[in-house]
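Under the working numbering, the first residue of the sequence shown is numbered 560, with each subsequent residue one higher.
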Amino acid sequence: MTEHPLVEMQGITKRYPGVTALRDVSLSVRAGEVMALVGENGAGKSTLLKILAGAQRADEGSIRVNGEQASILTPRDSQTNGIAVIYQELNLANDLSVAENIYVGREPRTRIGTIDFRAMEVGSAKLLSSLGINVSPKTLVGDLNIALRQMVEIAKALLVDARVVVMDEPTSSLTEEEVETLLTLIRRLRETGVSVIYVSHRMREIYAIADRITVMRDGSVVGIRDAAATNADEIVTMMVGRELGDLYGKREAALEPAAVPALEVRHLGAGKLLHDASFTVDPGEIVVLAGLIGAGRSHLAMTVFGARARTAGEILVSGKPVRYRNPAQAIAAGIGFVPEDRKKQGLFLGLPVRENIASASLASLSRMSFISRLRERDLARKHSSQLNLRASAIDVAVGTLSGGNQQKVVLARWLARKPRILILDEPTRGVDVGAKAEIYHLIRSIAAEGVAVVVISSELTEVLGVADRIVVLREGHGVGEIQAEDATEQKIMALATGVEESVS
């Protein structure tokens, strides 16, 4: 690994009306190095990357590539300088093949000027093979899982000799197995001399691949550490500016089984994705549904919440069979649901925080069909304070908040309803570590008040950290459950992948 920086950003400052997003930020990455860039949401990471990508311009500062001053004013300038930025929202056409996506805008031509599809397929196959990506160039991108789509995006970047690949939260939608596949590819890139700037909230991944870690807080760089010379606790403290203590909160003593479960699901089936799922949750218990993506966990949650029609089995709430035709009936029965995609399914992005918090409690805030704005505001203030949201935030459009604060608003909505059962689908996805800690402690406090909590999580460390009991699904079937004190990552993955015989 050479010592001089391949890319160096120096003294980057970016101002918006009323706010300074970046203050004198410097970042460098050496050839063949994985540099992790970490910080809470709102720390300035995305703004810095947009400047490096040419999507925004800095007010002050400079960028050097291979020691030479570089003018990066547009995305094309960034690409010309060998920089490729891969965002969470992948820039791929699902109805085109892998080869067509890799070569888009750079299609080889035959002698008569038509697109040489054969050359694209041969070139793509060679490139994919060199990266260890086992996928046919003829496959439609829309038929690939998220992990393989990301790898196609990486191959697309390398076709034009990208020397620095920037990955923004690349594993937020991946299973543990897919994460390992992506990390293996990143190691292979490093071995070939390609540099990677890796943005993630997941400490485990960072320490698996990073050579150095740059930490940002409040628009500034607060430290750069060699990964081998630091630990996750130090990095987290730098990110949030305070000690977090126990990230997952303290698990209470094991609960005695309730005479009647708050929620009981018996042999539930719903369409093609859910065939035979059974589990119970007692009042005050946190049960985590684990499994690979596609195992049917979200489908199960939405069926319990009345958002999908069940085709088999039964659901009991406090011992009584129920059959919801829609979510409104489930809500009336005391069930709350925080969906996986908060932006599409959980929030009204253009409405203020107070209206989002009140949206599940309108009946109690209304008189003669008119909503009391005073009651709405009091409700929002009470629950935003409980979740450490600024009082002034209740009048702000929820779409302008960070991911962690958006998730707090969804949680506040259900706290206002006082549900008996609360289902949380991937509650910390895309949330920084400080907000994660707050959400974990909130989940524990909700359970301590006697609410039955169901959590869906694809992050094994999270599963082990928050669960009282773990129920594993595979291909739409319930395949086993593990008490928290007996659980290990190996046992969970053995059940999730179908190799139970390896579980001791």
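Glycine residues also receive a C-beta, built at the ideal position from the N, C-alpha and C atoms.
Query                                                                                                                                                                                       : Result
Hey, Glu1048 and Glu793: beta-carbon distance below 9 Å or not?                                                                                                                             : no
Express the C-alpha separation of Ala1007 and Leu974 in angstroms, rounding to a whole number.                                                                                              : 13 Å
Spell out a yes or no on whether the region 606-623 and the region 569-585 are touching, meaning 3 or more CB-CB pairs, one atom from each, closer than 8 Å.                                : yes
With DSSP as the reference, label Asp937 as helix, strand or coil.                                                                                                                          : helix
Are the beta-carbon atoms belonging to Ala595 and Arg771 less than 9 Å from one another?                                                                                                    : yes
The beta strand (DSSP E) spanning Tyr646 covers which residue range?                                                                                                                        : Neither: Tyr646 is in no beta strand (DSSP E) and is coded neither H nor E.
Identify, in the order they occur along the chain, each residue of the same chain with its Cβ nearer than 6 Å to the Cβ of Met861, setting aside the five sequence neighbours on each side. : Arg867
If you check the beta carbons only, do Arg759 and Glu737 fall under 9 Å apart?                                                                                                              : A small fix is needed here, since residue 759 is Ser in this sequence, not Arg. Contact: no.
Taking all protein chains shown into account, do 16 or more other C-beta atoms lie within 10 angstroms of the C-beta of Val992, making it buried, or fewer, making it exposed?              : buried
How should Pro880 be labelled, buried or exposed, when 16 other C-beta atoms within 10 angstroms of its C-beta is the threshold for buried?                                                 : exposed
By alpha-carbon positions, which one of Asp1045, Pro564, Ser695 and Val795 ends up nearest to Ala684?                                                                                       : Ser695
Find out if the Cβ-Cβ distance for the pair Gly893, Leu827 is shorter than 9 Å.                                                                                                             : no
Assign Gly691 to one of two classes, buried (16 or more other C-beta atoms within 10 Å of its C-beta) or exposed (fewer than that).                                                         : exposed
For the beta strand (DSSP E) containing Val912, name the first residue and the last one.                                                                                                    : Element bounds for Val912: not the beta strand (DSSP E) but the alpha helix (DSSP H), Val912 to Ala917.
Given Glu899, which residues of its chain have a CB within under 8 Å of its CB, disregarding the five upstream and five downstream residues?                                                : Ser857, Asp984, Glu985, Arg988 and Ile1015
The alpha helix (DSSP H) that contains Arg677, what's its start and end?                                                                                                                    : Phe676 to Ser689
If you count every other CB in all the chains shown that lies within 10 Å of the CB of Ala714, and 16 or more means buried, which is it?                                                    : buried
Can you tell me which residues form a DSSP beta bridge with Glu1040?                                                                                                                        : Val1030
In its own chain, which residues sit with a C-beta less than 6 Å from the C-beta of Val663, not counting the 5 before and 5 after it?                                                       : none
Is it buried or exposed for Gln1042, if we count other Cβ within 10 angstroms and need 16 for buried?                                                                                       : exposed
Where in the region 709-742 do unbroken runs of the beta strand (DSSP E), each at least 3 residues long, occur, reported from the N-terminal end onward?                                    : 723-727
Specify, as a first and last residue, the run of the alpha helix (DSSP H) that Lys967 falls within.                                                                                         : Gly962 to Arg976
Fully enclosed by the region 815-868, which alpha helix (DSSP H) runs are 4 residues long or longer?                                                                                        : 856-863
Considering just the uninterrupted stretch of the beta strand (DSSP E) at Gln888, what are its terminal residues?                                                                           : Per DSSP, Gln888 belongs to no beta strand (DSSP E); it is in the alpha helix (DSSP H), Pro886 to Ala891.
Are the region 1018-1032 and the region 707-721 touching, with three or more C-beta to C-beta distances below 8 Å?                                                                          : no
Identify the residues that DSSP records as bridge partners of Phe907: which are they?                                                                                                       : Answer is none; Phe907 lacks a bridge partner.
Of the residues Lys604, Val724 and Arg1003, which one's Cα is nearest the Cα of Asp805?                                                                                                     : Arg1003
Could you give the distance in angstroms between the alpha-carbon of Ile674 and the alpha-carbon of Met1052?                                                                                : 45 Å
Could you check if Leu921 is buried or exposed, using at least 16 other CB atoms within 10 Å of its CB as the buried criterion?                                                             : exposed
Going by CA-CA distance only, name the one from Ala939, Leu632, Glu1040 and Pro564 that's closest to Ser837.                                                                                : Glu1040
Mind checking Phe929: buried by the 16 CB within 10 Å criterion, or exposed?                                                                                                                : exposed
Mind checking which residues open and close the beta strand (DSSP E) that includes Gln1065?                                                                                                 : Outside the modelled stretch of the chain, which goes from 560 to 1063, sits residue 1065, for which no answer is possible.
Does DSSP put Thr773 in a helix, a strand or coil?                                                                                                                                          : strand
Is Gly905 closer than 9 Å to Asn885 when the C-beta atoms are compared?                                                                                                                     : no
Can you list, in chain order, the residues of its chain with a C-beta nearer than 6 Å to that of Glu1060? Leave out the 5 residues immediately preceding and following it.                  : In this prediction, Glu1060 scores a pLDDT of 42, lower than 50, which makes its location untrustworthy; the coordinate-derived value is nonetheless stated afterwards. Excluding sequence neighbours, Glu1060 sits near nothing in its chain.
Write down the C-beta distance between Gly855 and Val1031 rounded to the nearest angstrom, noting that I regard them as a contact closer than 8 Å.                                          : In fact, because the Cβ distance is near 11 Å, the residues do not count as touching under 8 Å.
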